[in-house]
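Colleague: Those protein sequences? They're chains F and S, same order as listed.
Note that UniProt numbering numbers the first sequence so that position 263 is 263, with each residue one more than the last.
Note that UniProt numbering numbers the second sequence so that position 311 is 311, with each residue one more than the last.
Glycine residues also receive a C-beta, built at the ideal position from the N, C-alpha and C atoms.
Mind looking over this structure? Questions follow.
2 protein chains.
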Amino acid sequence: METNKIYSSSPLKSFPTNGGKGPLSYANNCQYQKNGVVLTQALIYEEITKKLDTEFLLSHLNPFRISDMGCSVGPNTFIVVQNIIEAVKSKLNLNKDMIDFQVFFNDHSENDFNTLFKSLPVERNYFAAGVPGSFHRRLLPSSSLHLVNTSYALHWLSKIPEEIQDKNSPAWNKGKVHYSSSSKNVEAAYAAQFANDMESFLKARAEEIVHGGFLAVLLPCIPNEANPSKCTINALFEFMGSGLMDMVNMGSVDEAEVDSFNVPLYFPTQAEVETIIERNGCFKIEKMQQICRPMRGFTRQEVENFAMTVRAAMEEVPREHFGSEIAAEVFNRFSEKLVESCVFSDPTYVPMIDLFAFLKRI
Amino acid sequence: METNKIYSSSPLKSFPTNGGKGPLSYANNCQYQKNGVVLTQALIYEEITKKLDTEFLLSHLNPFRISDMGCSVGPNTFIVVQNIIEAVKSKLNLNKDMIDFQVFFNDHSENDFNTLFKSLPVERNYFAAGVPGSFHRRLLPSSSLHLVNTSYALHWLSKIPEEIQDKNSPAWNKGKVHYSSSSKNVEAAYAAQFANDMESFLKARAEEIVHGGFLAVLLPCIPNEANPSKCTINALFEFMGSGLMDMVNMGSVDEAEVDSFNVPLYFPTQAEVETIIERNGCFKIEKMQQICRPMRGFTRQEVENFAMTVRAAMEEVPREHFGSEIAAEVFNRFSEKLVESCVFSDPTYVPMIDLFAFLKRI
Numbered sequence: 001m002e003t004n005k006i007y008s009s010s011p012l013k014s015f016p017t018n019g020g021k022g023p024l025s026y027a028n029n030c031q032y033q034k035n036g037v038v039l040t041q042a043l044i045y046e047e048i049t050k051k052l053d054t055e056f057l058l059s060h061l062n063p064f065r066i067s068d069m070g071c072s073v074g075p076n077t078f079i080v081v082q083n084i085i086e087a088v089k090s091k092l093n094l095n096k097d098m099i100d101f102q103v104f105f106n107d108h109s110e111n112d113f114n115t116l117f118k119s120l121p122v123e124r125n126y127f128a129a130g131v132p133g134s135f136h137r138r139l140l141p142s143s144s145l146h147l148v149n150t151s152y153a154l155h156w157l158s159k160i161p162e163e164i165q166d167k168n169s170p171a172w173n174k175g176k177v178h179y180s181s182s183s184k185n186v187e188a189a190y191a192a193q194f195a196n197d198m199e200s201f202l203k204a205r206a207e208e209i210v211h212g213g214f215l216a217v218l219l220p221c222i223p224n225e226a227n228p229s230k231c232t233i234n235a236l237f238e239f240m241g242s243g244l245m246d247m248v249n250m251g252s253v254d255e256a257e258v259d260s261f262n263v264p265l266y267f268p269t270q271a272e273v274e275t276i277i278e279r280n281g282c283f284k285i286e287k288m289q290q291i292c293r294p295m296r297g298f299t300r301q302e303v304e305n306f307a308m309t310v311r312a313a314m315e316e317v318p319r320e321h322f323g324s325e326i327a328a329e330v331f332n333r334f335s336e337k338l339v340e341s342c343v344f345s346d347p348t349y350v351p352m353i354d355l356f357a358f359l360k361r362i
Numbered sequence: 001m002e003t004n005k006i007y008s009s010s011p012l013k014s015f016p017t018n019g020g021k022g023p024l025s026y027a028n029n030c031q032y033q034k035n036g037v038v039l040t041q042a043l044i045y046e047e048i049t050k051k052l053d054t055e056f057l058l059s060h061l062n063p064f065r066i067s068d069m070g071c072s073v074g075p076n077t078f079i080v081v082q083n084i085i086e087a088v089k090s091k092l093n094l095n096k097d098m099i100d101f102q103v104f105f106n107d108h109s110e111n112d113f114n115t116l117f118k119s120l121p122v123e124r125n126y127f128a129a130g131v132p133g134s135f136h137r138r139l140l141p142s143s144s145l146h147l148v149n150t151s152y153a154l155h156w157l158s159k160i161p162e163e164i165q166d167k168n169s170p171a172w173n174k175g176k177v178h179y180s181s182s183s184k185n186v187e188a189a190y191a192a193q194f195a196n197d198m199e200s201f202l203k204a205r206a207e208e209i210v211h212g213g214f215l216a217v218l219l220p221c222i223p224n225e226a227n228p229s230k231c232t233i234n235a236l237f238e239f240m241g242s243g244l245m246d247m248v249n250m251g252s253v254d255e256a257e258v259d260s261f262n263v264p265l266y267f268p269t270q271a272e273v274e275t276i277i278e279r280n281g282c283f284k285i286e287k288m289q290q291i292c293r294p295m296r297g298f299t300r301q302e303v304e305n306f307a308m309t310v311r312a313a314m315e316e317v318p319r320e321h322f323g324s325e326i327a328a329e330v331f332n333r334f335s336e337k338l339v340e341s342c343v344f345s346d347p348t349y350v351p352m353i354d355l356f357a358f359l360k361r362i
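See below:
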């Protein structure tokens, strides 16, 4: 039997957010991401109503097809999707029966789609489908989407750069789990992997989005001029690494295990993102805006909640490497260190930025 | 916010097949269904290559969109889909890059989509999506599908007819769990529910399938002239009911609990199916063929395997009503009774028929 490979399931590493609806689940610990999503809804709505070409719209439907890529298990994805649909309808003053909407919820095949599907709004004005697979590759037919959204997902790398795991490389990341306080070689390896991944993402989306369609991006970044080691978001992984080294010193984790462990997250600057988009060449930047959330004056409970959000989003990373028990201990220590730290009060720490970009497929 | 309800999540009862990949899973206990699916692949291939209108095909793609409705967790659904794609490609002598295929795998939102998605063939020549929801309702945009398949799914009722659960109705099904040895009122209530459900299915598919597209159906049936109480398939539920009544007599199950328990499966005749399709009026019957599998001379192991297949497909039905422990006991007793029975040797028992239908959207 002939099998034309147009898509192959991911041999890439994937680290699903915590599934289900329990106390450690992403569904119950995604308030930080939700706040960011909510803050950008008006921007997306405005961009759609200003920039969506009515002539284009009428010639390329029906249905109007949307995808949220890296959607996790909800509920944030449902907020994003509903807002997009309301904006499109408002633009054309569509009456309710004039157009069908179809929404493709994408995430890795290891994502908890069962929870996502059971959480779908009971009353919704769109047809829903789940699309399993890495968004660094093609997921949907050519020119079949009108609008793609991705929120808090592009900072996940498709893999750890090989050189930082290689003892013989100048980029070997010994005793560290991230790049911010490591050598410039390590940081460069992370940056190159991010650029490569975002290029793959844009290349695949350029094939899937019709000309005139849109790509909305929400991505955690750091300011252009910032030193990564003085950014709050990167400091988090210092705490994670230092907690692991404490466990090495106590004998509960092997040092070599920490040397081979790295967190597959990268936080670029706006300048880096712009460069990658321009190099890809398939999208025009309609809007790019930084959304700053100062993250100061947190109560202890708020810091603990934030630590839970980090845990729900990325517990699978240490779990896959060290097992469940060590991973739980890693996050207990992480939460303690975060509470004791000054990253939310010391003004020399630079807060993370949410970068919003609205791109048009040209 | 305006919410135009075009789809609402199912308040209908749904009984997913056993999920995961364990010893009781549907994925590991669907050989009976697999044999039926394999037997019909050549028929589907032949119908597609004979009946698919080349002019239609070229005017309605790309991509060519397929849905398998009631797909469960695999692997049978992957066999069905691959065969359809090969047939379409063969028809047009398509080279590998000429056309995209997109496949929508549908089942209830309670289905184990996580297992389905992780089981997707690594090398595949189609874009895959999962569509959660009852196929008795609209699932996909208007005129967006070229070919829909449904195998071993339409015999599941969307609900138990109310009158058979009503103590004051002449159709009250006291002490029984199915219709074959009950009053004609009970059988009529089941038949009416099946007709109603299949009509809903055809109505929804008629809106989703483009004119000239196809609907392939594989459905367990009984012969036109058969007495339901002498059909092997219905006898199975006699054993289930009798096992439950044994448990009532032993005091482990309350009799009222059995009175209120009924199996939501109906096995129609070909004549009934034809009548419903004709009444719907949106489909032309291109082919209808009965596939007989004698099911005689089984070894004890084969009978036990068959009992496992039944359990994997429908354990959720007694589990939802009686809980996991009683459900397990129900199937242990069912298996014992089936092994001891003569339904696979007594020639007066009429074997089930697999009815294959290939319909064209007119």
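Is there at least one Cβ from chain S nearer than 8 Å to G20 (chain F)'s Cβ?
Modeller: It does not; no Cβ of chain S falls within 8 Å.
Colleague: Please report the distance separating the alpha-carbon of S72 (chain F) from that of A357 (chain F).
Modeller: In a straight line, the C-alpha of S72 (chain F) is about 20 Å away from that of A357 (chain F).
Colleague: If distances are taken between C-alpha atoms only, which option among F:E187, F:P121, F:L43 comes closest to F78 (chain F)?
Modeller: When only C-alpha atoms are compared, the closest one is F:P121.
Colleague: Hey, is V131 (chain S)'s beta-carbon within less than 8 Å of any beta-carbon in chain F?
Modeller: For V131 (chain S), the answer is yes, since a Cβ of chain F falls inside 8 Å of its Cβ.
Colleague: Can you pull the chain F residues whose beta carbon is under 7 Å from the beta carbon of D112 (chain S), in chain order?
Modeller: Near D112 (chain S) (Cβ distances below 7 Å), the residues of chain F are N114.
Colleague: Between the stretch 218-232 of chain F and chain S, which residues of the former have a C-beta closer than 9 Å to a C-beta of the latter?
Modeller: Here the close residues number zero.
Colleague: For a minimum of 4 consecutive residues, which ranges assigned as the alpha helix (DSSP H) are wholly contained in the stretch 101-151 of chain F?
Modeller: Runs found: 113-119.
Colleague: Count the other CB atoms within 10 Å of the CB of F164 (chain S); is the residue buried (16 or more) or exposed (fewer)?
Modeller: Reading off the sequence shown, one finds Ile at residue 164 (chain S), where the question assumed Phe. Under this definition I164 (chain S) is a buried residue.
Colleague: Would you call the CB atoms of I277 (chain F) and L202 (chain F) closer than 8 Å?
Modeller: Yes, they are a contact pair.
Colleague: Against D100 (chain F), what residues of chain S qualify as contacts under a CB-to-CB distance less than 7 Å, listed in chain order?
Modeller: The contacting residues are P141, S142.
Colleague: CB S14 (chain S) to CB E110 (chain S), shorter than 8 Å?
Modeller: It is a contact, given that the beta carbons lie within the stated cut-off.
Colleague: Sort S:M240, S:G130, S:P132 by Cα distance to S181 (chain S) and report the nearest one.
Modeller: Nearest C-alpha to S181 (chain S): S:M240.
Colleague: Give the interface partners of N62 (chain S) over in chain F, defined as CB-CB distance under 8 Å, in chain order.
Modeller: Those within 8 Å of N62 (chain S) in chain F are P141, S142.
Colleague: Taking Cβ-Cβ distances shorter than 9 Å, what residues in chain F pair up with K118 (chain S)?
Modeller: Per Cβ cutoff of 9 Å: S9, S109, E110, P132.
Colleague: Considering K174 (chain S), what are the terminal residues of the alpha helix (DSSP H) in which it resides?
Modeller: First-last for K174 (chain S): undefined, no H or E at that position.
Colleague: Counting only the same chain and skipping the five closest in sequence on each side, list residues whose C-beta sits under 6 Å from that of D287 (chain S).
Modeller: Just to set this straight, residue 287 (chain S) is Lys in the shown sequence, not Asp. Answer for K287 (chain S): E47, F358, listed in chain order.
Colleague: Name the residue from F:G74, F:K360, F:I66 whose alpha carbon lies nearest to the alpha carbon of P16 (chain F).
Modeller: Of the candidates F:G74, F:K360, F:I66, the one whose C-alpha sits nearest the C-alpha of P16 (chain F) is F:G74.
Colleague: For Y152 (chain S), I'd like the list of residues in its chain whose CB is within less than 6 Å of its CB, leaving aside the five on either flank, ordered along the chain.
Modeller: Only Q33 meet the Cβ criterion.
Colleague: Give the secondary structure of E2 (chain F) by DSSP, where H, G and I count as helix, E and B as strand, and everything else as coil.
Modeller: Low per-residue confidence applies at E2 (chain F): pLDDT is 38, beneath 50, and the placement is therefore not dependable, though the value from the model is reported in the following sentence. It is coil, neither helix nor strand.
Colleague: Sort F:M98, F:M352, F:V303 by Cα distance to E336 (chain F) and report the nearest one.
Modeller: For the residues F:M98, F:M352, F:V303, the minimum Cα distance to E336 (chain F) belongs to F:V303.
Colleague: In three-state terms, what does DSSP make of S10 (chain S)?
Modeller: The predicted model places S10 (chain S) with a pLDDT of 48, which falls under 50 and marks its position as unreliable, so this point remains unresolved.
Colleague: What are the boundary residues of the alpha helix (DSSP H) that includes K337 (chain S)?
Modeller: 324-340 is the span of the alpha helix (DSSP H), which, as asked, contains K337 (chain S).
Colleague: Considering R205 (chain F), what are the terminal residues of the alpha helix (DSSP H) in which it resides?
Modeller: Unbroken alpha helix (DSSP H) run through R205 (chain F): 184-208.
Colleague: Mind checking whether P223 (chain S) and V350 (chain S) have CB atoms under 8 Å apart?
Modeller: Yes, Cβ-Cβ distance for P223 (chain S) and V350 (chain S) is below 8 Å.
Colleague: When you check each C-beta in the stretch 195-218 of chain F against every C-beta of chain A, which residues fall closer than 8 Å?
Modeller: Looking at the structure shown, chain A is missing, and the protein chains on hand are F and S.
Colleague: Check the Cβ of F344 (chain F) against every Cβ in chain S and list those closer than 9 Å, keeping chain order.
Modeller: Ordered by position in chain S, no residue passes the 9 Å Cβ test against F344 (chain F), which lies about 34 Å from the chain.
Colleague: Ordered along the chain, which non-local residues of its own chain (more than five positions away) have a Cβ less than 8 Å from that of E340 (chain F)?
Modeller: Nothing listed; no residue qualifies.
Colleague: Are the CB atoms of F214 (chain F) and L147 (chain F) within a distance shorter than 8 Å?
Modeller: Yes, they are a contact pair.
Colleague: When you compare the stretch 257-265 of chain S with the stretch 174-189 of chain S, are there three or more beta-carbon pairs, one atom per stretch, that lie closer than 8 Å?
Modeller: The stretch 257-265 of chain S, when compared against the stretch 174-189 of chain S, does touch it at the 8 Å Cβ threshold.
Colleague: Check each residue of the stretch 280-313 of chain S: if its Cβ is closer than 7 Å to any Cβ of chain F, include it; give the result in chain order.
Modeller: The residues in question: there are none.
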